[in-house]
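So in our numbering, spot 45 of the sequence shown is number 45, and the numbers just go up one at a time.
Virtual Cβ for every residue (Gly too), placed ideally from N, Cα, C.
Only one structure is covered here, and it is reproduced in the block below.
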Amino acid sequence: MQFHFSLADGKSVADKGVQELEDAVQASEAADVLAKRVAREKPDLVARDFAIVVSDEDGEEVYRARLAENAG
Numbered sequence: 001m002q003f004h005f006s007l008a009d010g011k012s013v014a015d016k017g018v019q020e021l022e023d024a025v026q027a028s029e030a031a032d033v034l035a036k037r038v039a040r041e042k043p044d045l046v047a048r049d050f051a052i053v054v055s056d057e058d059g060e061e062v063y064r065a066r067l068a069e070n071a072g
């Protein structure tokens, strides 16, 4: 199943790619890893309430990993 990953702050969205994964659980785990990496590499985005948003093949949001919750 394909999952789409985006970096979003509620106003703007940046595409972070597509991954073929078994299910939403794997997608959420991948989002947490990506959120930790982005928070470490771009700490200015943490305070601006950015998140990694995961959508399924139908475009439905299945998970949201806030950078602030994954920082540190």
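Q | Coarse secondary structure for L21, derived from DSSP in three states | A | coil
Q) Hey, out of D56, D58, D49, whose CA is closest to R66's CA? A) D49
Q) If you draw a straight line from the C-alpha of A39 to the C-alpha of I52, how long is it? A) 10 Å
(Q) Here's a check: name, in chain order, each residue in its chain whose Cβ is nearer than 6 Å to the Cβ of V46, leaving out the five neighbours to either side. (A) A39, L67, A68, A71
Q | Rounded C-alpha distance that separates A27 from A8 | A | 16 Å
Q. Which two residues bound the contiguous beta strand (DSSP E) that contains A65?
A. 61 to 66
(Q) Assuming A51 is part of the beta strand (DSSP E), what are its boundary residues? (A) 51 to 55
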